[in-house]
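Asker: For the sequence shown, the positions run 1 to 96 when full-length UniProt numbering is used.
Starting off with a structure, shown below.
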Amino acid sequence: MGLEVDDDDVEELVEEHSKELSTEELLELHKEENETLKRSLTSEESGEEEDKEESRIIPAKDLKDAFFCWSKLSKLAEDYHPDVGSVQKAIRDAGA
């Protein structure tokens, strides 16, 4: 990126951050933070975040299908695996 920093730049930055802010400057910062927060809350209320959340909700039908497949697979493993005890333990552990 070609950025160069020298001692004067560092000293200037330290000076800027070490000075105390006036009451007016503090009030201005507070006002800016409140405005940012209001914009953030407004965008959430308008549904921008809600749309993202809704896309992650699994429909009940899909959950039902997944549980059906899981029970079918569990039954198949219990019926055909030679070590029934370890299969049952694995199924219990996976369901927990």
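Backbone N, C-alpha and C define an ideal beta-carbon position, used for all residues, glycine too.
What you are looking at is a predicted structure, and each value in this text was computed from that prediction instead of being measured.
Starting from residue 16, trace the alpha helix (DSSP H) in both directions and tell me its first and last residue.
Answerer: The residue given as residue 16 occupies position 16 in the sequence shown. Here the alpha helix (DSSP H) through residue 16 covers 7–18.
Asker: In whole angstroms, what separates the C-alpha of residue 71 from that of residue 60?
Answerer: Residue numbering aside, residue 71 sits at position 71 when the sequence shown is read from its first letter. Residue numbering aside, residue 60 sits at position 60 when the sequence shown is read from its first letter. Approximately 16 Å between the Cα atoms of the pair.
Asker: Alpha carbon to alpha carbon, what distance is there between residue 56 and residue 79?
Answerer: If you number the sequence shown from 1, residue 79 lands on position 79. If you number the sequence shown from 1, residue 56 lands on position 56. Taking the straight line from one Cα to the other gives about 35 Å.
Asker: Need the endpoints of the alpha helix (DSSP H) that residue 71 sits in, please.
Answerer: Locating residue 71 in the sequence shown gives position 71, where the first residue counts as 1. It spans 60–80 - the alpha helix (DSSP H) in which residue 71 sits, taken as one unbroken run.
Asker: Going straight from the alpha carbon of residue 81 to that of residue 58, what length do you get?
Answerer: Here residue 81 refers to the residue found at position 81 when the sequence shown is read from its first residue. Here residue 58 refers to the residue found at position 58 when the sequence shown is read from its first residue. Each residue's Cα considered, the two are about 32 Å apart.
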